[in-house]
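First comes the structure, then the notes that go with it.
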Amino acid sequence: MTPSVETYPTIWDRSGTSRVIVRPLLRRLWRGMIRLAEAQCAAHERRGFLPYS
């Protein structure tokens, strides 16, 4: 048995524990990005800049 096969499950288990912390942070970051994009679109619309129309 190679060492990489032996260490793989331990790495997988560690990622499982950290996933609980990472997921809310990613969700918050994603919401922030979407909010920023919506604000930018609203600002462009106020200035009359509509590139896709």
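Heads up: the sequence shown begins at 11 in this note's numbering, then just goes up one per residue.
From the three backbone atoms N, C-alpha and C, an ideal C-beta is built for every residue, glycine too.
Inset, instruction - Please go through the same chain and pick out, in chain order, the residues whose beta-carbon is closer than 7 Å to the beta-carbon of residue 52, but skip the five residues on each side of it. - result: Taking the sequence shown and counting its residues from 1, the one referred to as residue 52 is at position 42. Cβ neighbours of residue 52 beyond the five flanking positions: none.
Inset, instruction - Consult DSSP for residue 42 and reduce its assignment to one of helix, strand or coil. - result: Within the sequence shown, residue 42 is the residue found at index 32, counting from 1. Reduced to three states, the DSSP call for residue 42 is helix.
Legend entry - Where residue 36 sits in the DSSP three-state scheme: Position 26 of the sequence shown, counted from the start, is the residue given in the question as residue 36. Residue 36 falls in the helix class under three-state DSSP.
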